[in-house]
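S.K.: Every position in the sequence shown, counted from 1, becomes a number in our numbering once 182 is added.
Idealized CB from N, CA, C, for every residue including glycine.
Since we're looking at a predicted model, the values are computed, not measured.
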Amino acid sequence: MEISRREAIKVFGATLATLLINPSVYANQIDQVGETIKFEKTDKPGIVFIVGDGMPISTLTALNSLRSNVGKTTTFYKKFGDPDNTITYMGTESLTSVVTDSAPASAAWATGSKGANHFLSVLPNGQVLRTIGELAKENGYEVGFVTTTRVTHATPAAWYSHNKDRDDEANIALDALVLKPDVLMGGGLKYFSKEVNPKLKSDTLSDFKKEGYQIFTTKDQLKNIDYSKTILGLFNKSHIDYYLDRLNDKNLDSQPSLALMSAVALKKLQQSKKGFVLQIEAGRIDHANHANDAYGAMMDTAELDQVLDVVDQYIKNNPKTLVIVTSDHGTGGFNVFGTGADYNDSTEAFLKYKQVKASIPYIAKKIDNKSPKEVQDIVEYYTGFYIDPDEAQMIIDSRSPEYNGVTGNYLYRAYESCALGAVLAKCAYQVSEDGDQKGKALLRRGNIYFVSTTHTGEDQVVMAYGYRSRELLPSRRIENTELYNVMLSFLNIKSYKNPTMSKEEARSYLQAYYKEYSYEKMARSLKLHVV
183 MEISRREAIK
193 VFGATLATLL
203 INPSVYANQI
213 DQVGETIKFE
223 KTDKPGIVFI
233 VGDGMPISTL
243 TALNSLRSNV
253 GKTTTFYKKF
263 GDPDNTITYM
273 GTESLTSVVT
283 DSAPASAAWA
293 TGSKGANHFL
303 SVLPNGQVLR
313 TIGELAKENG
323 YEVGFVTTTR
333 VTHATPAAWY
343 SHNKDRDDEA
353 NIALDALVLK
363 PDVLMGGGLK
373 YFSKEVNPKL
383 KSDTLSDFKK
393 EGYQIFTTKD
403 QLKNIDYSKT
413 ILGLFNKSHI
423 DYYLDRLNDK
433 NLDSQPSLAL
443 MSAVALKKLQ
453 QSKKGFVLQI
463 EAGRIDHANH
473 ANDAYGAMMD
483 TAELDQVLDV
493 VDQYIKNNPK
503 TLVIVTSDHG
513 TGGFNVFGTG
523 ADYNDSTEAF
533 LKYKQVKASI
543 PYIAKKIDNK
553 SPKEVQDIVE
563 YYTGFYIDPD
573 EAQMIIDSRS
583 PEYNGVTGNY
593 LYRAYESCAL
603 GAVLAKCAYQ
613 VSEDGDQKGK
623 ALLRRGNIYF
633 VSTTHTGEDQ
643 VVMAYGYRSR
653 ELLPSRRIEN
663 TELYNVMLSF
673 LNIKSYKNPT
683 MSKEEARSYL
693 QAYYKEYSYE
703 KMARSLKLHV
713 V
C-alpha cells in the first residue's frame, strides 16, 4: 500500500480545511520527506496502542462538533459509530489516589498492576514490574514509541523504565537504551545530548549511536531514513511544540507531525520478523488542558485524529493489526458550556475558536514585560478575543512569583499560562457601542470552560478495532490493568503476572514520602511535566 500525494492530501489536508483553519500554512509533511510511505502486505501481527493523554471524551466531542458545523465527522466519531468496533469505559484510579497521573496509568496498561502516582512500573516497596515492552522484546517482537512529548515522559517511559521518580528523565533515557526499542521518536533531546545540556553526566545520544541507531533531529533528515536500522528521533529540546503553533509558525517547521512519525514507525516495524507493539501518544492534549487552552487541546486532538487515518492505511495491507485507542485520565474538566437564552448563543460562542491561531503558552511568551494595553492587543491578535483592562492586569500579575492564583490549583503558582487560560475560558459578553448593535450584549469569547488545571478522575473511553478486537476487549466496564492481558493474549505470550499491592500497603510505604511533598514541590513537578 502506498500513501500517494493525492491520498496524503486527502487524509491530512482535508482535516484542516474542514476544521475551518487556514490551510495555506500547512504543507503535507509526508510529502516533505521526499518520498511516499509504502506499506507492504504482511500477515504478521501488530498492536497499535494509541493514547490521547489527558483527553476526556468531551475533547473529542468538541472537535467533532467543530467539524459537524461544516458537515463533516472526525475519524474518531466515525469509528465510535462502527458496529464492528468495541467501545467500553475504563477505570483509572491508582494505588494512591482516585485521580491518577500518567505514570501509574501507563504502567497499569504495561504491567497489569496498579501503581503509585509518580512511579514508573515499580511498586512503592521497590518491586520491579515487568512491562509489555520488555516481554514483547524477549519474545521476538519489535517495539516502538512515538509521542509529541519528550520520549522520556511518563506515558512512553512506563513501558520501558522502572523508576520511583518520573521526573528523573536523564536516567529514564538510559533505561530506554536498556530496552533498545526499534523506534523511539518525539521530543526530549535535552535528556540525551550533552552538547544540548552540559549538565548531563553522560552523552546518551552517543551511546545510542554506538548501538547502531540512526539519529534524527529534524523532519528533513527523514529523507535519508534506512528502515532496516533502528530509529531514534528527537525533534526538539523538550516537548514537540503544539500542533496549532506548528501550523502557524514556520520557524517550527523542522518538527514532524505525529502522523508522519506514526507512518515512519509503522513502516519500520513492518520489517519485523514476528510482529510488533507500537505505542503512539498525543501527549500535549494533556498539557493544553492543564493550561486551560481549549483550542490548543482540540487541535492536538485533531492531529491524533489524523493518526487514525494513517493507521487505517496501514491496516488495509496488514489486516492482522489490533488497534487500541484510549486516554490515561482527564485533565482540567474541559467542556462546552451553554450560554445565552435557552442556550441559543452556544454554537456562535463555540465557533469563535476558529479565529485562534496560537496556543496559550505560545501567546504567554509574547507578553513578558508588557503593559495592560499591550497584553490586550496581543491576546486579541492571536485569538480574536477581547479582554478588558482588569483581565489584562490579572494576567500580568500572574507572572509574578508572589502570585497565589486560585487556592488548590497548584499549577497557577508554577505555570504563568494558566491565568491567561482561565481568563479566556470564560464566555463573556460586552455591551456594544457601535451603530445598529448599540446597547446589545455581544459575545466576546468562546464557551469552553475548565474547572481546574489538574487531572480529573472520571472513567475514560477505550475503543478497540481490527484483528481479534471483539474477541479480546470485554464489552463491559474494565480497569486499565486489563489491557495488559489483552495485549499478552494477542501476542500469544504466556501470561506473566506481576506482583500487586493493596492501597493500604502502598500508603504505609509512602507516608514519609508524601509528608515531604509540599504544594511548592507539586507545583514544580507539574511545571516540569508540561513545559
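Please state the DSSP three-state secondary structure of Gln453.
M.R.: coil
S.K.: Kindly indicate which residue of Ala523, Pro543 and Leu414 has the alpha-carbon position closest to the one of Val713.
M.R.: Pro543
S.K.: Quick one: residues in its chain with C-beta nearer than 7 angstroms to the C-beta of Gln575, no 5 flanking neighbours on either side, listed in chain order?
M.R.: Pro554
S.K.: Along the chain, where does the alpha helix (DSSP H) containing Leu426 start, and where does it finish?
M.R.: Tyr425 to Asn430
S.K.: CB-CB under 7 angstroms to Gly628, same chain, minus the five flanking residues each way: which ones, in chain order?
M.R.: Ala476, Ala531, Phe532, Lys534, Tyr535 and Cys609
S.K.: Grab me the residues of Ile239's own chain with a C-beta within less than 7 angstroms of its C-beta, minus the 5 sequence neighbours each way, in chain order.
M.R.: Closer than 7 angstroms at Cβ, skipping near neighbours: Val643.
S.K.: Can you name, in chain order, every residue of its own chain whose Cβ lies under 6 angstroms from the Cβ of Lys319, other than the five neighbours on each side?
M.R.: Val325
S.K.: Can you tell me the Cα-Cα spacing of Leu486 and His421, whole angstroms?
M.R.: 16 angstroms
S.K.: Would you please state the rounded distance, in angstroms, between the beta carbons of Ala470 and Gly478? I believe it to be under 8 angstroms.
M.R.: Indeed, because the Cβ distance is near 4 angstroms, the residues count as touching under 8 angstroms.
S.K.: Could you compute how far the alpha carbon of Arg706 sits from the alpha carbon of Ser276?
M.R.: 21 angstroms
S.K.: Please tell me whether Val505 and Ile675 are closer than 9 angstroms, where the distance is taken between their beta carbons.
M.R.: no
S.K.: Taking Phe532 as part of the alpha helix (DSSP H), name the residues at either end of that continuous run.
M.R.: Ser528 to Leu533
S.K.: What are the boundary residues of the alpha helix (DSSP H) that Ala355 is part of?
M.R.: Where Ala355 is concerned, the enclosing alpha helix (DSSP H) stretches over Glu351 to Leu361.
S.K.: Does the region 283-291 come close enough to the region 326-337 that 3 or more CB-CB pairs lie under 8 angstroms?
M.R.: yes
S.K.: Using CA coordinates, which residue listed in Tyr342, Lys679 and Lys220 is at the minimum distance from Ala447?
M.R.: Lys220
S.K.: In whole angstroms, what is the alpha-carbon distance linking Thr278 and Arg689?
M.R.: 7 angstroms
S.K.: Given that a residue counts as buried once 16 or more other Cβ atoms are within 10 Å of its Cβ, and exposed if not, what is Asn433?
M.R.: By the C-beta density criterion, Asn433 is exposed, having fewer than 16 other C-beta atoms within 10 angstroms.
S.K.: Could you spell out the range, first to last residue, of the alpha helix (DSSP H) harbouring Phe672?
M.R.: Glu664 to Leu673
S.K.: Run through the DSSP bridge pairs and tell me what Thr345 is partnered with.
M.R.: Per the sequence shown, the amino acid found at residue 345 is Asn instead of Thr. BP columns for Asn345 point to Leu302.
S.K.: Ends of the beta strand (DSSP E) at Gln396?
M.R.: Gln396 to Phe398
S.K.: The alpha helix (DSSP H) spanning Val493 covers which residue range?
M.R.: For Val493, the enclosing alpha helix (DSSP H) covers residues Ala476 to Asn499.
S.K.: Compute the Euclidean distance between the alpha carbons of Asn500 and Lys226, then round it to the nearest angstrom.
M.R.: Looking at the two C-alpha atoms, the distance is approximately 7 angstroms.
S.K.: Assuming Val328 contacts Val365 (C-beta within less than 8 angstroms), just tell me the rounded distance between them.
M.R.: Taking 8 angstroms as the upper bound for CB-CB distance, Val328 and Val365 are in contact here, some 7 angstroms apart.
S.K.: Along the chain, where does the beta strand (DSSP E) that runs through Glu324 open and close?
M.R.: From DSSP, the beta strand (DSSP E) with Glu324 extends over Glu324 to Arg332.
S.K.: Give me the Cα-Cα distance between Ile397 and Glu222, rounded to the nearest whole angstrom.
M.R.: 24 angstroms
S.K.: Are the region 567-581 and the region 507-515 touching by the rule of at least three beta carbon pairs closer than 8 angstroms?
M.R.: Verdict: no, contact absent.
S.K.: Which residue marks the beginning of the beta strand (DSSP E) containing Met237, and which one marks its end?
M.R.: Unbroken run through Met237: none, as it is neither H nor E.
S.K.: Determine the DSSP secondary structure at Tyr631, reduced to helix, strand or coil.
M.R.: strand
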